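K.L.:
For the sequence shown, counting from 1, position 312 maps to 312 in UniProt numbering; every step adds exactly one.
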Amino acid sequence: MSLLQQKIFPQVCGFIGFDSLVCCKEEKQNIQEIRSHGNISATKCKEYYPEPVFGIAVVGGQESLAKEFPHMFDNMRSIYQLLSNILQAAIGFGESNNIQWLCGGSLISRNFILTAAHCLVSRELGPARFVRLGELDFATDQDDAQTQDFTVKKIVPHPDFRPVSGRYHDIGLIELDRDVERTQYVDIACLDMMRVQEDPQMIATGWGKTEFSGKASTHLLKINLNTVTNDQCQRFYQNARRELPGGIVDDLQICAGGKVMQDTCQGDSGGPLQRRNYAVGSIIYVYNIIGVTSFGKACGLSKTPGIYTRVYGYLPWIESIVWP
Numbered sequence: 001m002s003l004l005q006q007k008i009f010p011q012v013c014g015f016i017g018f019d020s021l022v023c024c025k026e027e028k029q030n031i032q033e034i035r036s037h038g039n040i041s042a043t044k045c046k047e048y049y050p051e052p053v054f055g056i057a058v059v060g061g062q063e064s065l066a067k068e069f070p071h072m073f074d075n076m077r078s079i080y081q082l083l084s085n086i087l088q089a090a091i092g093f094g095e096s097n098n099i100q101w102l103c104g105g106s107l108i109s110r111n112f113i114l115t116a117a118h119c120l121v122s123r124e125l126g127p128a129r130f131v132r133l134g135e136l137d138f139a140t141d142q143d144d145a146q147t148q149d150f151t152v153k154k155i156v157p158h159p160d161f162r163p164v165s166g167r168y169h170d171i172g173l174i175e176l177d178r179d180v181e182r183t184q185y186v187d188i189a190c191l192d193m194m195r196v197q198e199d200p201q202m203i204a205t206g207w208g209k210t211e212f213s214g215k216a217s218t219h220l221l222k223i224n225l226n227t228v229t230n231d232q233c234q235r236f237y238q239n240a241r242r243e244l245p246g247g248i249v250d251d252l253q254i255c256a257g258g259k260v261m262q263d264t265c266q267g268d269s270g271g272p273l274q275r276r277n278y279a280v281g282s283i284i285y286v287y288n289i290i291g292v293t294s295f296g297k298a299c300g301l302s303k304t305p306g307i308y309t310r311v312y313g314y315l316p317w318i319e320s321i322v323w324p
């Protein structure tokens, strides 16, 4: 109807009796783009982990161990156990003699960190300047961790991220000043290549506060979470008009929460929401990054879920920058 109002008339292809047949131009979908959604990420994941992978089966969070999730070798078969601390990044702000570790992220290639867009620049301290990988406990050097420190070469927020317009497209990338050294303590995460609706178990990690208005944890924490449906999540955030003026966008955001007093908190922002991936080619039991911690209400508040940026919705953008 709108085309007719604009006096744009369709092409008549023929008639059946006195009724005209209208030819509708078929809009060709970009088949190549559809087929390639996530293909680069899948290829890179297989490149990083060419052998079959077998896994082991925060407010309220449990402490992670330094090599709780190491890559181990048993004779000729590689057994990888990929989880939180070996892919977790800490993002630092300020001066080198007084670094403030305010956000988290995930190592997704040899020189790129995936994080939240709002973690790229601090209002008080300016842009992110430092990244640490392999850290377990900031309070001690006796934690059997082996860290690697980097400076930030470039920050890349998603081009549609507009904090004044809500917490949408809250995803960003950090390019490191050099490639990481892959070790038992530092390794690369795979990106999730499926649009997950519900998953019985996911894991969030971070150094955030362990309770509402509490202090940030010096020790890396992990927490088991479950996805929350869009309808349920909308009810929790129906008054969050400043952060979500258009509500929760299911294609680009995912909600997850746990038991009472279990949720991600301030300081966990940018960190990974992970899930077990049981079948990606020859790779099974790998933990993939499904989401990036974006925001929530008061952490641990009566089962209120947190909101995460859905990685799957941004794979083409991520791939265009990390693996151009």
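Even for Gly, the Cβ is constructed at its ideal location relative to N, Cα and C.
Quantities reported herein were computed from a predicted structural model and do not represent experimental measurements.
E47 and F112: beta carbons closer than 8 angstroms?
P.N.:
In the sequence shown, residue 47 corresponds to position 47, counting from 1. In the sequence shown, residue 112 corresponds to position 112, counting from 1. Result no, Cβ atoms of E47 and F112 do not sit closer than 8 angstroms.
K.L.:
Kindly give me the distance between the Cβ atoms of S106 and A189, rounded to whole angstroms, as I take these residues to be in contact under 8 angstroms.
P.N.:
Position 106 of the sequence shown, counted from the first residue, corresponds to residue 106. Position 189 of the sequence shown, counted from the first residue, corresponds to residue 189. The Cβ separation is near 5 angstroms, so the contact holds.
K.L.:
Measure the C-alpha to C-alpha separation of T115 and V131 and round it to an integer number of angstroms.
P.N.:
What you label residue 115 is simply residue 115 of the sequence shown in a count that begins at 1. What you label residue 131 is simply residue 131 of the sequence shown in a count that begins at 1. Distance between the alpha carbons of T115 and V131 is about 11 angstroms.
K.L.:
Starting from the Cα of N224, find the closest Cα among R276, P163, S41, G296 and give me that residue.
P.N.:
Residue 224 sits at position 224 when you count from the first residue of the sequence shown. For N224, the nearest C-alpha among the options comes from R276.
K.L.:
Using a Cβ distance threshold of 8 angstroms, determine whether the segment 157-172 contacts the segment 92-103, with at least three qualifying pairs required.
P.N.:
The segment 157-172 is not in contact with the segment 92-103.
K.L.:
Considering Q88, what are the terminal residues of the beta strand (DSSP E) in which it resides?
P.N.:
Along the sequence shown, one-based indexing puts residue 88 at 88. Run containing Q88: 88-93, per the beta strand (DSSP E) assignment.
K.L.:
Per the DSSP calculation, N306 is bridged to which residue(s)?
P.N.:
For this step, residue 306 is matched to residue 306 along the sequence shown. The sequence as given places Gly at residue 306; Asn does not occur at that position. Paired residue(s): A256.
K.L.:
Roughly how many angstroms separate the alpha carbons of G246 and Y308, rounded to a whole number?
P.N.:
Sequence index remark: in the sequence shown, residue 246 carries index 246 (1-based). Sequence index remark: in the sequence shown, residue 308 carries index 308 (1-based). Taking the straight line from one Cα to the other gives about 16 angstroms.
K.L.:
When the Cα of A128 is compared with those of A117, M194, T229, which residue comes out closest?
P.N.:
Against the sequence shown, residue 128 aligns to sequence position 128. Among A117, M194, T229, the Cα nearest to that of A128 is on A117.
K.L.:
Use the C-beta contact count for Q88: other C-beta atoms within 10 angstroms, 16 or more gives buried, fewer gives exposed.
P.N.:
Counted from its first residue, the sequence shown places residue 88 at position 88. Buried, by the Cβ-count rule.
K.L.:
Indicate, with yes or no, if the ligand NAP has a heavy atom lying under 7 angstroms from the CB of G257.
P.N.:
As for the ligand NAP, it is missing from this structure, which has no ligand bound.
K.L.:
Judging by CA-CA distance, which residue of L133, E181, A204, L252 is the nearest neighbour of D160?
P.N.:
By 1-based counting over the sequence shown, the position of residue 160 is 160. When only C-alpha atoms are compared, the closest one is L252.
K.L.:
Within the continuous beta strand (DSSP E) that includes I223, where are the two ends?
P.N.:
Counting from one through the sequence shown, the residue named residue 223 turns up at place 223. Per DSSP, I223 belongs to the beta strand (DSSP E) from 221-228.
K.L.:
Locate the alpha helix (DSSP H) running through L315, then write down its first and last residues.
P.N.:
Translated into positions along the sequence shown, residue 315 becomes position 315. Note, L315: alpha helix (DSSP H), 315-322.
K.L.:
Please classify A90: is it buried, with 16 or more other beta-carbons within 10 angstroms of its beta-carbon, or exposed?
P.N.:
The residue given as residue 90 occupies position 90 in the sequence shown. Label assigned to A90: buried.
K.L.:
Closer than 8 angstroms by C-beta to C233: which residues in its own chain qualify, once you throw out the five before and the five after it? Chain order, please.
P.N.:
Residue mapping note: residue 233 aligns to position 233 of the sequence shown, counting from 1. Cβ neighbours of C233 beyond the five flanking positions: I248, C255, P305, I307.
K.L.:
For A116, which of helix, strand or coil comes out of DSSP?
P.N.:
Counting from one through the sequence shown, the residue named residue 116 turns up at place 116. Coil, per DSSP.
K.L.:
Going by DSSP in three states, F236 sits in which element: helix, strand or coil?
P.N.:
Translated into positions along the sequence shown, residue 236 becomes position 236. If DSSP states are grouped into helix, strand and coil, F236 belongs with the helices.
K.L.:
Kindly indicate which three-state DSSP category V131 falls into: helix, strand or coil?
P.N.:
As a working note, residue 131 is residue 131 in the sequence shown. In this structure, V131 counts as strand in the three-state DSSP scheme.
K.L.:
What three-state label does DSSP hand A204 in the structure shown?
P.N.:
Locating residue 204 in the sequence shown gives position 204, counting from the first residue. Here A204 sits in strand by DSSP.
K.L.:
Kindly indicate which three-state DSSP category V311 falls into: helix, strand or coil?
P.N.:
As a position in the sequence shown, residue 311 is number 311, starting the count at 1. Residue state, collapsed to three classes: helix.
K.L.:
According to DSSP, is I40 part of a helix, a strand, or is it coil?
P.N.:
Taking the first residue of the sequence shown as 1, we reach residue 40 at position 40. Helix.
K.L.:
So, I290 versus V311, is the Cβ gap smaller than 8 angstroms?
P.N.:
The residue you call residue 290 lines up with position 290 of the sequence shown. The residue you call residue 311 lines up with position 311 of the sequence shown. Yes. Within cutoff.
K.L.:
Do N226 and G257 have their CB atoms nearer than 8 angstroms?
P.N.:
The residue you call residue 226 lines up with position 226 of the sequence shown. The residue you call residue 257 lines up with position 257 of the sequence shown. In this structure, G257 lies closer than 8 angstroms to N226 by Cβ.
K.L.:
Once DSSP output is grouped into helix, strand and coil, what is the label at S294?
P.N.:
Indexing the sequence shown from 1 puts residue 294 at position 294. If DSSP states are grouped into helix, strand and coil, S294 belongs with the strands.
K.L.:
Contact criterion: CB-CB distance below 8 angstroms. Does Q148 meet it with respect to chain D?
P.N.:
In the structure shown, chain D cannot be found, because there is only a single protein chain.
K.L.:
Helix, strand or coil for D179 per DSSP?
P.N.:
In the sequence shown, the residue the question calls residue 179 occupies position 179. D179: coil per DSSP, three-state reduction.
K.L.:
Using the Cβ count rule (16 or more neighbours within 10 Å means buried), how would you classify Q274?
P.N.:
Translated into positions along the sequence shown, residue 274 becomes position 274. Classification of Q274: buried, given that the 10 Å Cβ count is 16 or more.
K.L.:
Give every residue of the same chain whose Cβ lies closer than 7 angstroms to the Cβ of E319, excluding the five residues on either side of it in the sequence, and list them in chain order.
P.N.:
Residue 319 sits at position 319 when you count from the first residue of the sequence shown. I40, S41.
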